[in-house]
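See structure below.
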Amino acid sequence: MGRQKELVNRCGEMLHIRYRLLRQALAECLGTLILVMFGCGSVAQVVLSRGTHGGFLTINLAFGFAVTLGILIAGQVSGKALLHHQSILTRGPSGEWGGGTFPRAGHSYLGAFLGAGIVFGLYYDAIWAFADNQLIVSGPNGTAGIFATYPSGHLDMVNGFFDQFIGTASLIVCVLAIVDPYNNPVPRGLEAFTVGLVVLVIGTSMGFNSGYAVNPARDFGPRLFTAIAGWGSEVFTTGRQWWWVPIVSPLLGSIAGVFVYQVMIGCHLEQPPPSTEQENVKLAHVKHKEQV
Numbered sequence: 006m007g008r009q010k011e012l013v014n015r016c017g018e019m020l021h022i023r024y025r026l027l028r029q030a031l032a033e034c035l036g037t038l039i040l041v042m043f044g045c046g047s048v049a050q051v052v053l054s055r056g057t058h059g060g061f062l063t064i065n066l067a068f069g070f071a072v073t074l075g076i077l078i079a080g081q082v083s084g085k086a087l088l089h090h091q092s093i094l095t096r097g098p099s100g101e102w103g104g105g106t107f108p109r110a111g112h113s114y115l116g117a118f119l120g121a122g123i124v125f126g127l128y129y130d131a132i133w134a135f136a137d138n139q140l141i142v143s144g145p146n147g148t149a150g151i152f153a154t155y156p157s158g159h160l161d162m163v164n165g166f167f168d169q170f171i172g173t174a175s176l177i178v179c180v181l182a183i184v185d186p187y188n189n190p191v192p193r194g195l196e197a198f199t200v201g202l203v204v205l206v207i208g209t210s211m212g213f214n215s216g217y218a219v220n221p222a223r224d225f226g227p228r229l230f231t232a233i234a235g236w237g238s239e240v241f242t243t244g245r246q247w248w249w250v251p252i253v254s255p256l257l258g259s260i261a262g263v264f265v266y267q268v269m270i271g272c273h274l275e276q277p278p279p280s281t282e283q284e285n286v287k288l289a290h291v292k293h294k295e296q297v
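In terms of our numbering, the sequence shown has 20 at position 15, counting the first letter as 1, and numbering is strictly consecutive.
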């Protein structure tokens with residue numbers, strides 16, 4: 006038993022990556038893969054069964070819990086897991102810019118691409134059988150919507166852009182409130198569950214028009230996969246060239262969300278005064294008595 010443990014420890018040391026940025030990028034990749042695999046998998050189940058195995062609510066529940074699981078998996082290593090595409094352009098409550106997150110954001114696109122590939126492989130036979138061995142982008146037999154967002158027939162470009170903008174801004178405002186140490190942060194360890202709940206609320210209230218990408222990687226990675234897997238370039242031309250809206254609008258919505266939160270909440274929060282050494286000693290004594 007001792008030799009086995011020693012062997013495991015040696016393997017762990019050999020596999021340990023010393024470069025922090027690479028560790029974070031890999032974590033971001035896996036976290037986004039989990040998000041897309043579970044989220045798009047729920048859409049596939051609803052679409053391919055023509056509604057007999059789930060519905061709009063089950064899709065929203067799946068995406069909410071998928072976000073929670075992705076953050077739980079990657080958050081300890083990656084920090085702002087699944088949100089690096091937004092932190093590139095925004096500043097959080099700590100006042101630090103998201104610079105240096107480009108590699109991690111790139112790996113989130115890779116994770117989304119791979120997650121879409123897993124869903125495609127999982128439902129490969131069902132996808133081909135759904136439309137008589139055809140890969141159709143839109144319409145009653147369309148299957149590209151399993152992987153990426155597309156606008157409803159009633160939606161024009163301006164309304165669609167606003168839809169994605171508001172959804173992302175709402176997400177960012179809520180996330181900043183959750184993680185802001187000077188506001189009412191949720192207990193440590195529950196952040197992931199609370200963010201997942203926010204995604205669920207956004208989905209059930211803002212998902213009708215075109216889905217709710219609110220994450221460029223989650224939309225573009227799977228869209229690129231479908232273009233390569235057989236749906237072709239139509240995935241970029243359908244919906245009056247819709248593909249760029251879930252990329253640009255969430256980024257601008259992120260900036261707006263941070264601006265609104267800071268102007269209306271963050272800038273007005275009073276930071277608690279630094280504790281003295283005597284107070285720290287008292288606090289440590291109280292904690293010791295509680296443990297005893």
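Just so it is clear, CB atoms sit at the ideal spot from N, CA and C, and this is done for glycine as well.
Remember, it's a predicted structure, so these values are computed and weren't measured experimentally.
Excluding the five sequence neighbours on either side, which residues of its own chain have a C-beta within less than 7 angstroms of the C-beta of P190, listed in chain order? For P190, the CB contacts under 7 angstroms within the same chain, skipping 5 residues up- and downstream, are I183 and V184 in chain order.
Going along the chain, which residues of its own chain have a beta-carbon closer than 7 angstroms to the beta-carbon of E101, five neighbours each way excluded? Note on E101: pLDDT 47, under 50, position unreliable in the model; the coordinate value appears next. Nothing meets the Cβ criterion.
Distance check for S47 and T209, CA to CA, integer angstroms please. Here the alpha carbons of S47 and T209 stand approximately 15 angstroms from one another.
Quick one, are the C-beta atoms of G172 and V203 less than 8 angstroms apart? In this structure, V203 does not lie closer than 8 angstroms to G172 by Cβ.
Would you report the Cα separation of L256 and S238, rounded to the nearest angstrom? Taken atom to atom, the span from the alpha-carbon of L256 to that of S238 is near 24 angstroms.
Would you report the Cα separation of L181 and V263, rounded to the nearest angstrom? Between L181 and V263, the C-alpha separation is close to 8 angstroms.
Hey, which unbroken runs of the alpha helix (DSSP H) at 4 residues or more fall wholly within the region 17-57? As far as the region 17-57 is concerned, its whole alpha helix (DSSP H) runs of at least 4 residues are 25-53.
Under the three-state reduction of DSSP, which class applies to P251: helix, strand or coil? Here DSSP, grouped into helix, strand and coil, assigns P251 to helix.
Endpoints, the alpha helix (DSSP H) within which W133 is located: Here the alpha helix (DSSP H) through W133 covers Y129 to F135.
Cut-off 8 angstroms between Cβ atoms - residues of its own chain near F225, not counting five sequence neighbours on either side: Hits under 8 angstroms: Y114, A117, A153, W248, P251 and I252.
Label A71 either buried or exposed according to how many other C-beta atoms from any shown protein chain fall within 10 Å of its C-beta, with 16 as the threshold for buried. With a threshold of 16 other beta carbon atoms within 10 Å, A71 meets it and is buried.
Exposed or buried, which one is R223 when buried takes at least 16 other CB atoms within 10 Å? Around the beta-carbon of R223, 16 or more other beta-carbon atoms lie within 10 Å, marking it buried.
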